[in-house]
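Numbering (our numbering), first residue to last: 415 to 655. Backbone N, C-alpha and C fix where the C-beta goes; we use that ideal spot for every residue, glycine too.
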């Protein structure tokens with residue numbers, strides 16, 4: 415990740431300036447989705463989606479994705495023989511579903527095509543634009559790891575969880591200001607006190623670790639609604655500082 419962040423720093427800086435999403439976050443998602451562009455899927459997309467559309471379990475969803483994939487070809491964004499991706503129809507280095515491609519893919523290198531298969535500029539910009547449209551706030555963090563002193567652990571873990579959203583969101587607590595978490599006795603991983611801020615944060619347990627998650631974390635869940643994914647992105651991005 416460090417090597418790739420350095421290698422593509424010029425275009426990443428331009429993307430960050432345009433969309434307000436840190437280059438570290440973009441590189442982290444790129445790494446998790448395609449091993450930094452090394453693998454983006456080899457299955458022909460149209461046959462894969464036709465098969466999944468025929469399957470009655472999620473037929474409606476995949477029929478819609480099939481028509482979106484056909485629209486990508488119809489618009490001339492990529493030749494049919496190059497339209498390849500995952501077994502589920504996810505496309506290119508960002509692994510966008512076809513409907514997401516139509517909505518979020520960017521032509522950042524201005525060559526007239528939104529090439530998320532081969533153009534690093536288009537790949538990075540498309541990831542950043544997706545996060546921007548899912549609520550990423552420029553200049554804010556995604557969250558932080560915290561410690562739960564034993565004396566407050568029971569009270570903190572009794573805080574109600576959310577009732578709506580995907581499974582990952584439903585195991586998060588309702589958001590509360592950082593000042594409130596500070597008063598409850600939560601600490602930084604170094605044992606210090608949390609900042610005095612009214613920024614809303616939700617608590618989640620991940621194995622033996624505990625995290626306070628801010629609004630930008632919601633954008634990461636929008637990309638893939640699983641804590642193993644979103645926390646990996648955030649923690650890897652922090653290592654790139």
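Cβ contact annotation for residue 472 (same chain, cutoff 6 Å, sequence separation greater than five): none.
Sequence-distant partners of residue 456 (beyond 5 residues in either direction) whose C-beta falls short of 7 Å from its own C-beta, in its chain, are 498. Spatial neighbours of residue 595 in its own chain (CB-CB distance under 7 Å, excluding positions within 5 residues in sequence) are listed in chain order as 608, 615, 626.
When rounded, the separation of the alpha-carbon atoms in residue 438 and residue 603 is 22 Å.
With a cut-off of 8 Å on Cβ pairs, the region 460 to 471 is not in contact with the region 568 to 584, counting fewer than three such pairs. The Cβ neighbour count for residue 491, taken over all protein chains shown within 10 Å, is at least 16; the residue is labelled buried. In this structure the region 419 to 432 does not touch the region 524 to 531; the number of beta carbon pairs closer than 8 Å is below three.
Residue 556 is classed as buried because its beta carbon has at least 16 other beta carbons within 10 Å across all chains shown. In this structure, residue 560 lies near residue 624, with their beta-carbon atoms less than 8 Å apart. Looking only at 573, 598, 601, the smallest Cα-Cα distance to residue 588 is reached by 573. Under the three-state reduction of DSSP, residue 445 is assigned to helix. Between residue 483 and residue 654, the C-beta spacing is not below 8 Å. Taking every protein chain shown into account, the CB of residue 488 has fewer than 16 other CB atoms within 10 angstroms, so this residue is exposed. Under a 10 Å Cβ-count criterion, residue 571 is classified as exposed, with fewer than 16 other Cβ atoms of the shown protein chains found around its own Cβ. With three or more CB-CB distances shorter than 8 Å, the region 442 to 456 counts as touching the region 639 to 653. Here residue 510 is not near residue 433, since their CB atoms are 8 Å or more apart. Per the C-alpha coordinates, the member of 541, 562, 427 positioned closest to residue 605 is 562.
Ranked by Cα distance from residue 566, the options 612, 599, 539 are led by 599.
DSSP places residue 590 in the strand class (E or B) of the three-state scheme. The Cβ-Cβ distance between residue 613 and residue 634 does not fall below 8 Å. Fully contained in the region 537 to 572 are the following alpha helix (DSSP H) runs of length 4 or more, in chain order: 564 to 571.
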